[in-house]
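Listed in order, the protein sequences are those of chains A and B. Each residue of the first sequence is one higher than the one before, counting from -7 in the numbering used here. Each residue of the second sequence is one higher than the one before, counting from -7 in the numbering used here.
Number of protein chains: 2
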Amino acid sequence: MAVLVFDIGGTKTAYAKVNTYDDIEDFNMVETRTIYNNVEDFLVNIINKFLLKNSDIEGVAIGIPGTVDYIDNKIISCPNVSVLDGLNLSKLIGEKVGIPLIVSRDVNFSILAEHIKGSAKDVMNALGIFVGTGLGASILINGKIFLGSHGVAAELGHIYYPKGENKVCQCGNIDCVELYASGKSLKEKSILFRNKFNKKISEKDYFIYKDPEWQKEIYSFIEALSFSISTFVNLIDPEVVVIGGGVSKANGFPWEVIINKTKEKLRKPLPYRKVSFREAKMDYKESLIGGYSFFHQILKNQ
Amino acid sequence: MAVLVFDIGGTKTAYAKVNTYDDIEDFNMVETRTIYNNVEDFLVNIINKFLLKNSDIEGVAIGIPGTVDYIDNKIISCPNVSVLDGLNLSKLIGEKVGIPLIVSRDVNFSILAEHIKGSAKDVMNALGIFVGTGLGASILINGKIFLGSHGVAAELGHIYYPKGENKVCQCGNIDCVELYASGKSLKEKSILFRNKFNKKISEKDYFIYKDPEWQKEIYSFIEALSFSISTFVNLIDPEVVVIGGGVSKANGFPWEVIINKTKEKLRKPLPYRKVSFREAKMDYKESLIGGYSFFHQILKNQ
């Protein structure tokens, strides 16, 4: 049975009907800003349109960049698409359209897609680390998403970074590591750098701009990111770490330095000796397969 | 069927025949230093003595304060009982005595015992954090120990502490959090303090000695410990955190400050709102029940 899968991101929203792991139908993508003020109507309209054309849609899976109370699918924190904050989409929309609707972190869909056909295809235990606007993460154990007791496991972006500068995070806490290891941290650094040195660095040049003062900023980004990845690996002991997200796709992303810095901090001899690091492969479209898989995981557990 | 359970600690070694969760027979405890140079002989002798008297012993479970490669039960790092480093007790002893022998971290036994009859009795998902000589930790998911892909999950003592002072850990890494949040860190602090101020603080007074300079040291211990606990909780999202170990039993252990400092750093609203913190209840003897439970968990999975 097919699942209609949405991925509502900070910038883009993708959706498609997913029939099997190899059959994605009617893929579409819109700018999230165009649906920002009417996200509920947008979802109801698209779902109804699909249901009218397809009798085989069993349910809806929605990925969002935030935390979800998985008992009732209520979105409890979604800083980068704040219009979703506090919404219970299962109630608001699921009941209107008459089929089950589940909501989860987008990165849970991403790691499942990597497991099904991407970089974690050959393993059952993996961590996903996605450096985008924020720092998202997910845990795959025995081929399934590990949700934690309240659905909020893998809050990697919001672990405390003791080397921080007393910055306030959008979540309300101080010095979450996301403030130092994410796309938004790089953007903030580039603005401060421009104001101080009158040199403009575009997003695509973050990692190739050779100015020594700027390289110090990149170094501190790498320090924070390798701290977060090594901590995650030392606590979960996965087979594979998949690293993805928009920032990881930038020119000259310093893969080697990040992995070496991370390995320095891994417990020896294990997990140090056996864990491997890989680049995420799935694009916007393929990632929707993860939503299809997640929907089936949740239904089976019910 | 009964299991003969050993807990080899840095200071004491306890053992008993465990028949059921409520039936512990022939409990004994020796100073670890007395068996340090003949640990293999000691174990073989005790096991044979028990086997001679009891035909119902199904296997042996040994808890150690270190990491174990769980594929072949080889001890791969045991800084606080270094004579065990590199030993494959299953081969060395299991084959001699003719019954299955498993080795695991001692803290895995501890959290299972807490789950069976202690502070985590009512929950299936818990973290154990044991502040002793080192900083040990364990993860309970669905009532079972989560081992990770290579048996070394929950290496909380060896996550990197970015606020550290470039100290070298016995594991070889720099600034493991255990160097700042453990009994040995307090001991080191007290020696430096005595050398500097000529004031001697005994172990039992660490938390009640009111000197303001010393209180700064205690504050930095609390900072490091709350960093490690909050990180663990943000990544695993447990129902309950059980805190135990020798240091937690010292006079005036600052429970309230530690829990408040930890909560400051938890992701809001979840897991912050729902996780609870409890004091470990099990003593040396009762903890052996965890080894009995672990042995059965491992056998079932095989």
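Ideal Cβ positions, reconstructed from N, Cα and C, are used throughout, including at glycine.
Coil, strand or helix - residue i by DSSP
i, result
"K41 of chain A", "helix"
"Y7 of chain A", "strand"
"I290 of chain A", "helix"
"V267 of chain B", "coil"
"R259 of chain A", "coil"
"E125 of chain B", "What sits at residue 125 of chain B in the sequence shown is Thr, not Glu. It is coil, neither helix nor strand."
"N252 of chain B", "helix"
"A118 of chain A", "strand"
"S285 of chain B", "helix"
"I200 of chain B", "coil"
"V303 of chain B", "As shown, chain B starts at -7 and ends at 294. That puts residue 303 of chain B outside it, with no answer to give."
"Q193 of chain A", "The amino acid occupying residue 193 of chain A in the given sequence is Ile; Gln does not appear at that position. Coil."
"L139 of chain B", "coil"
"N20 of chain B", "strand"
"I151 of chain B", "coil"
"A53 of chain A", "strand"
"K159 of chain B", "coil"
"N226 of chain B", "helix"
Per-residue contacts from residue i into chain A (C-beta, under 9 Å)
i, result
"C163 of chain B", "R259 and K260"
"N117 of chain B", "G140 and S141"
Rounded Cβ spacing between residue i and residue j (contact assumed at less than 8 Å)
i, j, result
"N117 of chain B", "P230 of chain B", "5 Å"
"Y152 of chain B", "T223 of chain A", "7 Å"
"S220 of chain B", "L127 of chain B", "7 Å"
"V239 of chain A", "V123 of chain A", "4 Å"
"G55 of chain A", "I0 of chain A", "7 Å"
"K176 of chain A", "F185 of chain A", "Not a contact, Cβ separation roughly 15 Å."
"E296 of chain A", "A272 of chain A", "This structure gives no information on residue 296 of chain A, because the portion of chain A shown stretches from -7 to 294."
"G2 of chain B", "V73 of chain B", "6 Å"
"I39 of chain A", "I290 of chain A", "Not really, about 18 Å apart at Cβ, beyond 8 Å."
"K202 of chain B", "A242 of chain B", "Their Cβ separation, rounded to whole angstroms, is 15 Å, which puts K202 of chain B and A242 of chain B out of contact at 8 Å."
Alpha carbon of residue i to alpha carbon of residue j, nearest angstrom
i, j, result
"Q294 of chain B", "F287 of chain B", "Annotation note: pLDDT 46 at Q294 of chain B (below 50); position unreliable, no value reported."
"T254 of chain A", "I228 of chain B", "20 Å"
"V234 of chain B", "G143 of chain A", "20 Å"
"N100 of chain A", "L(-4) of chain B", "42 Å"
"D64 of chain A", "K136 of chain B", "26 Å"
"I250 of chain B", "Y28 of chain A", "41 Å"
"G58 of chain B", "N226 of chain A", "14 Å"
"A(-6) of chain B", "D18 of chain B", "12 Å"
"K83 of chain A", "R97 of chain A", "18 Å"
"G149 of chain B", "I68 of chain B", "16 Å"
"K45 of chain A", "L280 of chain A", "20 Å"
"C161 of chain B", "L79 of chain B", "21 Å"
"D77 of chain B", "K257 of chain A", "21 Å"
"E180 of chain A", "L119 of chain A", "27 Å"
"K277 of chain A", "G90 of chain B", "56 Å"
"G283 of chain A", "S130 of chain A", "13 Å"
"E147 of chain B", "R259 of chain A", "7 Å"
"I103 of chain A", "G110 of chain A", "9 Å"
"W247 of chain A", "P261 of chain A", "22 Å"
"I210 of chain A", "I183 of chain A", "14 Å"
"I214 of chain A", "N11 of chain B", "52 Å"
"S174 of chain B", "Y7 of chain A", "50 Å"
"F13 of chain B", "I108 of chain B", "Note on identity: in this sequence residue 13 of chain B is Tyr, with Phe being the wrong assignment. Cα-Cα distance, rounded: 8 Å."
"A306 of chain B", "L132 of chain B", "Residue 306 of chain B is absent from the structure shown; chain B starts at -7 and stops at 294."
"Y62 of chain A", "N252 of chain B", "26 Å"
"K155 of chain A", "D48 of chain A", "52 Å"
"S285 of chain A", "K292 of chain A", "11 Å"
"E157 of chain A", "Y172 of chain B", "20 Å"
"F245 of chain A", "F199 of chain A", "6 Å"
"M274 of chain A", "G236 of chain A", "9 Å"
Amino acids of chain A, ordered along the chain, whose beta-carbon sits closer than 8 Å to that of residue i
i, result
"K181 of chain B", "Simply none; closest approach about 18 Å."
Contact list for residue i against chain B, beta-carbon separation under 7 Å
i, result
"K266 of chain A", "H142"
Neighbour list for residue i in chain B, Cβ cutoff strictly below 9 Å
i, result
"S69 of chain A", "R259, K260, P261 and L262"
Positions along the stretch 121 to 155 of chain A whose CB lies within less than 7 Å of some CB in chain B: Correct list: G140, S141, H142, V144, A145, A146, E147, L148, H150, I151, Y152, Y153, P154 and K155.
Using a Cβ-Cβ cutoff of 7 Å, what residues of the stretch 216 to 233 of chain B are near chain A? List them in chain order. For the stretch 216 to 233 of chain B, which is checked against every Cβ of chain A, the residues closer than 7 Å are F219, S222, T223, F224, N226, L227, I228, D229, P230 and E231.
May I ask you to list, following chain order, the residues of the stretch 37 to 65 of chain B that have a beta carbon less than 7 Å from some beta carbon of chain A? Flagged, chain order: T59 and D61.
Could you name the residues of the stretch 100 to 114 of chain B whose beta carbon sits closer than 8 Å to any beta carbon of chain A, in the order they occur along the chain? From the stretch 100 to 114 of chain B, no residue has a Cβ closer than 8 Å to chain A.
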